[in-house]
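I have placed the structure first, in the form of structure tokens, so that the comments after it can refer back to it.
Numbering (full-length UniProt numbering), first residue to last: 1 to 263.
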């Protein structure tokens with residue numbers, strides 16, 4: 001293996017959007033580091049990728065990223081590799097009223113959706129902010145721009161992802177960094193998300209949603225965001241069309257009311 005080759009890292013790659021995104025980047029000839037808890041699914045994905053392109057290097061990392069020591073260890077293990085793109089896709093949701101939500105599940109969700117994403121983003125930005133062509137893509141949700149009933153805590157975690165990534169993108173632009181930070185916000189997508197969020201074994205997307213996308217469609221939207229100069233790629237919850245946009249949250253910028261900081 002040539003350690004000088006560049007890699008795309010995808011967390012949560014064992015199913016859904018992450019799985020299809022890995023296949024989409026492989027079609028572009030990208031070496032991959034695929035990360036998830038399911039070794040069986042990652043090995044299946046690797047076989048599928050190498051069946052179509054035997055020249056690629058596909059590295060499997062079986063990791064539970066809801067454990068923070070694992071998050072730091074994963075990044076350290078990838079230090080020898082040159083990473084071109086880092087995609088933080090790992091995460092899950094929860095549909096339940098706040099008064100009745102399972103706090104053990106919520107704690108795990110927040111560690112994965114928020115803490116792991118911030119740690120991995122921060123480490124990657126620290127090392128690659130001045131490397132030409134470097135990209136960080138964080139997966140948020142349409143629920144990271146709109147509060148959805150009975151999914152308040154999940155939406156709050158994704159609002160964090162959206163604001164963190166939009167703010168990071170502005171920070172990088174202001175410092176003339178070469179790394180680009182982007183956020184993808186899917187709406188309903190047919191994955192195992194519905195099963196986990198609703199704590200059930202079988203989930204019928206046709207009965208639950210008037211519209212939804214497939215994981216393959218979302219992977220294609222992610223590539224459109226990747227190829228663009230925009231920061232945000234999101235699905236409209238009304239039209240269900242994919243839109244590319246500049247940052248959507250208000251940003252104080254050079255407001256006279258900001259804290260005065262000496263750099």
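By construction, the Cβ of each residue, glycine as well, lies at the ideal position given by its N, Cα and C atoms. Since the structure is predicted, the reported quantities are computational estimates derived from the model, not experimental observations.
Identity of the residues DSSP links to residue i by a beta bridge
i           : result
residue 233 : 184 and 244
residue 100 : DSSP lists no partner for residue 100.
residue 135 : 85 and 180
residue 213 : 189
residue 61  : 35
Proximal residues to residue i (C-beta, below 8 Å), its chain only, five neighbours per side dropped
i          : result
residue 48 : 23
residue 3  : Residue placement at residue 3 cannot be trusted, given a pLDDT of 44 that sits under 50; what the coordinates show is reported in the next sentence. The answer, listed in chain order, is 80, 81 and 82.
residue 26 : 32, 49, 52, 53, 56 and 58
Nearest neighbour of residue i, chosen from the options [CA to CA]
i           : options               : result
residue 84  : 10, 92, 246 and 217   : 10
residue 237 : 211, 155 and 67       : 211
residue 220 : 189, 174, 198 and 204 : 189
residue 12  : 112, 77 and 54        : 112
residue 247 : 259, 151 and 145      : 145
residue 93  : 260, 191, 45 and 7    : 191
residue 161 : 105, 180 and 116      : 116
residue 239 : 205, 187 and 71       : 187
residue 216 : 6, 5 and 16           : 16
residue 232 : 218, 245 and 124      : 245
residue 35  : 26, 65, 164 and 28    : 65
residue 171 : 110, 104, 253 and 138 : 253
residue 76  : 43, 205, 124 and 103  : 124
residue 110 : 228, 126 and 67       : 67
residue 251 : 208, 169 and 207      : 169
Integer-rounded CB distance, given that residue j should sit under 8 Å from residue i
i           : j           : result
residue 157 : residue 136 : No, residue 157 and residue 136 are not in contact; Cβ-Cβ is about 18 Å, not under 8 Å.
residue 265 : residue 154 : Residue 265 lies beyond the residue range present for the chain, which begins at 1 and ends at 263; the question has no answer from this structure.
residue 30  : residue 8   : 5 Å
residue 61  : residue 74  : 6 Å
residue 89  : residue 167 : About 20 Å separates the two Cβ atoms, so there is no contact after all.
residue 230 : residue 178 : Between residue 178 and residue 230 the Cβ distance is about 17 Å, and since that is not below 8 Å, they are no contact.
residue 95  : residue 258 : The Cβ separation is near 38 Å, so there is no contact.
The beta strand (DSSP E) enclosing residue i, as first and last residue numbers
i           : result
residue 32  : 31 to 36
residue 198 : Not the beta strand (DSSP E): residue 198 falls in the alpha helix (DSSP H), residues 193 to 198.
residue 7   : 6 to 11
Cβ neighbours of residue i in the same chain (closer than 6 Å, five flanking residues each side left out)
i           : result
residue 38  : 14
residue 203 : 194 and 195
residue 140 : 158, 161, 162, 183 and 185
residue 222 : 21 and 184
residue 214 : 190
residue 1   : Any reading at residue 1 is ruled out, since the residue's pLDDT is 42, under 50, leaving its predicted position unreliable.
residue 91  : 112 and 113
residue 218 : 17, 186 and 189
residue 63  : 35, 70 and 74
Min CB distance residue i to chain E below 9 Å
i           : result
residue 241 : Within the model displayed, chain E is absent; a lone protein chain is all it includes.
Sequence-distant residues of the same chain with beta carbon closer than 7 Å to residue i, five excluded per side
i           : result
residue 97  : 150
residue 147 : 155
residue 176 : none
Boundaries (first-last residue) of the alpha helix (DSSP H) holding residue i
i           : result
residue 172 : 152 to 174
residue 73  : 68 to 77
residue 20  : 16 to 27
residue 119 : 117 to 128
residue 208 : 205 to 208
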